[in-house]
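Below is one structure, written out as structure tokens, with a few remarks after it.
Residue numbers (our numbering), protein chains in the order written: chain R, 1 to 77; chain S, 1001 to 1196; chain F, 2001 to 2284.
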């Protein structure tokens, strides 16, 4: 079990991006806490298996219809 | 197919029947093309394997990754009874049909049009209803057939319907042959009308 | 649905030159439209259903056309001008799914051990190592590089198992090219590629080619190898649900091995491609 700070940047349309984040966190059994959210950037603290957090990152790259993700950074906390 | 839902049916080494949504959660491949090994089903496309409860058990592209329990297929309820397999939506609490006695499966035939209800199917066969089991299954008495038979149908919407028959396990070969000969008649009765 | 402008503005391969020999007029279907290829004393031309003449060109062993009056230029493949390379074309194969799904499957290495067992992969070597994916902003195309996979029989010229190195290129929504280690020459790449003719949103014809250095195998031998692989892929492609390509992330669940698929989908989305895309159905 590890904890990572995952930050998404782009044109995020906050509401649908948060819905996607909670969808994948639930799907992948990751504990998530949103630490900041704006239309340009969202930061989440994720706890779980490191390889599963990697899956979460890949899953978020595509984004919902109204979201364009430009960068995702994963930091060790 | 159940209604417009595509289902993958499989039986593991433990003999238990399973009914899952026919779609791998990874990339949408039909699971009915998968391979059964022991009590797991492996998707043909990327080898993702699922245990008997529908939980993902392995992702071969990443052998060190332990899939979380929440990666799972959509699981329907499935059971054996009366020589037939019964499937229900997961949220439905209906009991598995209790069918007395031992039954031997006879035929599964495809017809163009689903019977409107079990009464229409009974009438289509030219039989007499002995006891209704569900809205889609009943025990019938057919003229000139010495034993009561078990009949069930599955509505597959635009794909027509399946009609399944079973005979008592102790029935003679002559009875089994007579029931299987009903197929031609049933296909005729539930044929798509050429005017439609 | 009417094709979006990204789809509409592309050139599409509709057959090999030889496929139009001996017939004065041959019907073809592209982007849900009926077209006619006319052969007038060996000169090919393409017209739409109203008889309007469409732009056409012969390149990479195929006849290409476009529905656009102002198409994007067809991408370059300089390898076609290199001497000693052999071009083998397989002809069109119909596949009942969106052509976009065919591109995505072509970019995928994780299926080799399961779909192309004992040819392009083995179950004991199923790991997909991380590879690089990048967008070439100048050319507006995608590259996946440093792809490595253990292959028991990487090509018709291979004699045994090897770690094969791959590069993938997507220069067009319906074209993809694989550059793979040449088994018989140092420091050169063999090419295998698909030119896909989108017929309907969920139906396509795949025209494949190989452009290789190979002195031993006959054209027929090379063709059989490619056809065998492609028929194994077709069985998968025609059984993916839905038939169109899903872009909504809730449909599926990718892993790091799917990075090239995600990059391809992001690129389609950035170009506002809609034709051939499945709309997300919450109930499904």
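All C-beta atoms, glycine included, are put in the ideal place defined by N, C-alpha and C. Small disclaimer: the values here were computed from a predicted structure and weren't measured.
**Asked** If the cut is a Cβ gap below 7 angstroms, which residues of chain F does residue 54 (chain R) touch?
**Response** Start at 1 with the first residue of the first chain, and residue 54 (chain R) comes out as number 54. Close partners of residue 54 (chain R) in chain F (Cβ separation under 7 angstroms): 2256.
**Prompt:** Which residue comes first and which comes last in the alpha helix (DSSP H) that contains residue 59 (chain R)?
**Reply:** In the first chain, residue 59 (chain R) corresponds to position 59, counting from 1. Residues 50 to 62.
**Prompt:** Looking at chain A, which residues of the segment 2237 to 2253 of chain F have a Cβ within less than 8 angstroms of any of its Cβ atoms?
**Reply:** In the structure shown, chain A does not exist; the protein chains are R, S and F.
**Request:** List the residues of chain F whose Cβ lies closer than 7 angstroms to the Cβ of residue 63 (chain R), in chain order.
**Result:** Taking the first residue of the first chain as 1, we reach residue 63 (chain R) at position 63. Ordered by position in chain F, the residues that pass the 7 angstroms Cβ test against residue 63 (chain R) are 2249.
**Asked** So which residues on chain F does residue 1045 (chain S) lean against when the C-beta distance must stay under 7 angstroms?
**Response** Working through the second chain from its first residue, we reach residue 1045 (chain S) at position 45. Near residue 1045 (chain S) (Cβ distances below 7 angstroms), the residues of chain F are 2111, 2114, 2115, 2236.
**Prompt:** Do the CB positions of residue 2014 (chain F) and residue 2103 (chain F) come within less than 8 angstroms of each other?
**Reply:** One-based indexing of the third chain puts residue 2014 (chain F) at position 14. One-based indexing of the third chain puts residue 2103 (chain F) at position 103. For residue 2014 (chain F) and residue 2103 (chain F), no; Cβs fall outside 8 angstroms.
**Asked** For the segment 2258 to 2269 of chain F, which residues have a CB atom closer than 7 angstroms to at least one CB atom of chain S, in sequence order?
**Response** Of all residues in the segment 2258 to 2269 of chain F, none is placed with a Cβ closer than 7 angstroms to any Cβ belonging to chain S.
**Asked** Among residues of its own chain, excluding the 5 on either side of residue 2193 (chain F), which ones have a beta-carbon nearer than 6 angstroms to its beta-carbon?
**Response** Along the third chain, read from residue 1 onward, the residue named residue 2193 (chain F) stands at position 193. Hits under 6 angstroms: 2177, 2209.
**Prompt:** Which residues of chain F have a Cβ atom closer than 7 angstroms to the Cβ of residue 58 (chain R), listed in chain order?
**Reply:** The residue given as residue 58 (chain R) occupies position 58 in the first chain. The answer, in chain order, is 2254, 2255, 2256, 2258, 2259, 2262.
**Prompt:** What do you reckon, are the CB atoms on residue 5 (chain R) and residue 32 (chain R) nearer than 8 angstroms?
**Reply:** Counting from one through the first chain, the residue named residue 5 (chain R) turns up at place 5. Counting from one through the first chain, the residue named residue 32 (chain R) turns up at place 32. Contact flag unset, no.
**Request:** Output yes if chain R places a C-beta closer than 8 angstroms to the C-beta of residue 1068 (chain S); else output no.
**Result:** For the purposes of this step, residue 1068 (chain S) is identified with residue 68 of the second chain, where counting begins at 1. Chain R contact via Cβ: present.
**Request:** Please confirm if residue 27 (chain R) has its CB atom under 8 angstroms from at least one CB of chain F.
**Result:** Locating residue 27 (chain R) in the first chain gives position 27, counting from the first residue. Put simply, the CB of residue 27 (chain R) is near chain F, with a gap under 8 angstroms to one of its CB atoms.
**Request:** Give me the Cα-Cα distance between residue 2113 (chain F) and residue 2229 (chain F), rounded to the nearest whole angstrom.
**Result:** Along the third chain, one-based indexing puts residue 2113 (chain F) at 113. Along the third chain, one-based indexing puts residue 2229 (chain F) at 229. Between residue 2113 (chain F) and residue 2229 (chain F), the C-alpha separation is close to 12 angstroms.
**Request:** Output the boundary residues of the alpha helix (DSSP H) element that contains residue 2219 (chain F).
**Result:** The residue given as residue 2219 (chain F) occupies position 219 in the third chain. Annotation for residue 2219 (chain F): the continuous alpha helix (DSSP H) segment containing it runs 2219 to 2237.
**Opening and closing residue of the beta strand (DSSP E) in which residue 2171 (chain F) lies** = Within the third chain, the letter at position 171 stands for residue 2171 (chain F). Per DSSP, residue 2171 (chain F) belongs to the beta strand (DSSP E) from 2162 to 2172.
**Prompt:** Quick one: is residue 1101 (chain S) near chain F, going by C-beta distance under 8 angstroms?
**Reply:** Against the second chain, residue 1101 (chain S) aligns to sequence position 101. Chain F, which has no Cβ nearer than 8 angstroms to the Cβ of residue 1101 (chain S), makes this no.
**Span separating the alpha-carbon of residue 1185 (chain S) from that of residue 2255 (chain F)** = As a position in the second chain, residue 1185 (chain S) is number 185, starting the count at 1. As a position in the third chain, residue 2255 (chain F) is number 255, starting the count at 1. Distance between the alpha carbons of residue 1185 (chain S) and residue 2255 (chain F): 52 angstroms.
**Prompt:** Are the C-beta atoms of residue 2040 (chain F) and some chain S residue less than 8 angstroms apart?
**Reply:** One-based indexing of the third chain puts residue 2040 (chain F) at position 40. Not closer than 8 angstroms to any Cβ of chain S, the Cβ of residue 2040 (chain F) fails to qualify, so no.
**Request:** Consult DSSP for residue 20 (chain R) and reduce its assignment to one of helix, strand or coil.
**Result:** In the first chain, counting from the first residue as 1, residue 20 (chain R) sits at position 20. DSSP places residue 20 (chain R) in helix when its eight states are reduced to three.
**Message:** Between residue 1062 (chain S) and chain R, is the shortest Cβ-Cβ distance under 8 angstroms, so that the two count as touching?
**Reply:** Here residue 1062 (chain S) refers to the residue found at position 62 of the second chain. For residue 1062 (chain S), the answer is yes, since a Cβ of chain R falls inside 8 angstroms of its Cβ.
**Request:** Report the residues of the segment 2119 to 2135 of chain F with a CB closer than 8 angstroms to any CB of chain S, ordered along the chain.
**Result:** Correct list: 2123, 2126, 2127, 2128.
**Request:** Report the three-state DSSP secondary structure of residue 35 (chain R) (helix, strand or coil).
**Result:** Taking the first residue of the first chain as 1, we reach residue 35 (chain R) at position 35. In the structure shown, residue 35 (chain R) falls within a strand segment according to DSSP collapsed to helix, strand and coil.
**Request:** Give the straight-line distance between the Cα atoms of residue 49 (chain R) and residue 71 (chain R), rounded to the nearest whole angstrom.
**Result:** As a working mapping, residue 49 (chain R) is identified with position 49 in the first chain. As a working mapping, residue 71 (chain R) is identified with position 71 in the first chain. C-alpha separation (whole angstroms): 22 angstroms.
**Request:** Could you work out which residues of chain S lie near residue 49 (chain R), taking near to mean beta carbons separated by less than 8 angstroms?
**Result:** Here residue 49 (chain R) is taken as the residue at index 49 of the first chain, counted from 1. Correct list: 1065, 1066, 1068.
**Message:** If I follow the unbroken alpha helix (DSSP H) through residue 2267 (chain F), where does it start and stop?
**Reply:** As a working note, residue 2267 (chain F) is residue 267 in the third chain. First-last of the alpha helix (DSSP H) with residue 2267 (chain F): 2259 to 2270.
**Item:** Sequence-distant residues of its chain with Cβ nearer than 6 angstroms to residue 2055 (chain F) (five each side left out)
**Value:** By 1-based counting over the third chain, the position of residue 2055 (chain F) is 55. Correct list, in chain order: 2066.
**Test item: CB-CB of residue 2085 (chain F) and residue 2212 (chain F) under 8 angstroms** = Start at 1 with the first residue of the third chain, and residue 2085 (chain F) comes out as number 85. Start at 1 with the first residue of the third chain, and residue 2212 (chain F) comes out as number 212. It is a contact, given that the beta carbons lie within the stated cut-off.
**Request:** State the Cα-Cα distance for the pair residue 2107 (chain F) and residue 2261 (chain F), rounded to the nearest angstrom.
**Result:** Along the third chain, read from residue 1 onward, the residue named residue 2107 (chain F) stands at position 107. Along the third chain, read from residue 1 onward, the residue named residue 2261 (chain F) stands at position 261. When only Cα atoms are considered, residue 2107 (chain F) and residue 2261 (chain F) end up about 7 angstroms apart.
**Request:** Assign residue 1195 (chain S) to one of two classes, buried (16 or more other C-beta atoms within 10 Å of its C-beta) or exposed (fewer than that).
**Result:** Here residue 1195 (chain S) refers to the residue found at position 195 when the second chain is read from its first residue. Bear in mind that a pLDDT of 45 at residue 1195 (chain S), under 50, signals an unreliable position, so the number given afterwards is only what the model happens to contain. Classification for residue 1195 (chain S): exposed.
**Request:** Could you check if residue 36 (chain R) is buried or exposed, using at least 16 other CB atoms within 10 Å of its CB as the buried criterion?
**Result:** As a working note, residue 36 (chain R) is residue 36 in the first chain. Flag for residue 36 (chain R) reads exposed.
**Item:** Top-ranked residue by Cα proximity to residue 11 (chain R), from R:27, R:60, R:39, R:62
**Value:** In the first chain, counting from the first residue as 1, residue 11 (chain R) sits at position 11. When each option's Cα is compared against that of residue 11 (chain R), the closest is R:39.
**Message:** Taking the beta carbon of residue 945 (chain S) as the centre, do at least 16 other beta carbons fall within 10 Å, making it buried, or is it exposed?
**Reply:** Nothing about residue 945 (chain S) can be reported from this structure: the residues present for chain S run from 1001 to 1196 only.
**Prompt:** Looking at the C-beta of residue 1023 (chain S), does it have a partner C-beta in chain F at a distance below 8 angstroms?
**Reply:** To locate residue 1023 (chain S), count along the second chain from 1; it is residue 23. Interface flag for residue 1023 (chain S) against chain F is set, since a Cβ pair is found closer than 8 angstroms.
**Prompt:** Checking contacts by CB at 8 angstroms: is residue 1028 (chain S) closer than that to chain F?
**Reply:** What you label residue 1028 (chain S) is simply residue 28 of the second chain in a count that begins at 1. So yes, residue 1028 (chain S) belongs to the interface.
**Asked** Run through DSSP, which three-state label would residue 1045 (chain S) get?
**Response** As a working note, residue 1045 (chain S) is residue 45 in the second chain. If DSSP states are grouped into helix, strand and coil, residue 1045 (chain S) belongs with coil.
**Item:** Option in S:1120, S:1106, S:1101, S:1079 with minimal Cα separation from residue 1136 (chain S)
**Value:** Numbered from 1 along the second chain, position 136 holds the residue referred to as residue 1136 (chain S). Comparing Cα positions, the closest option is S:1120.
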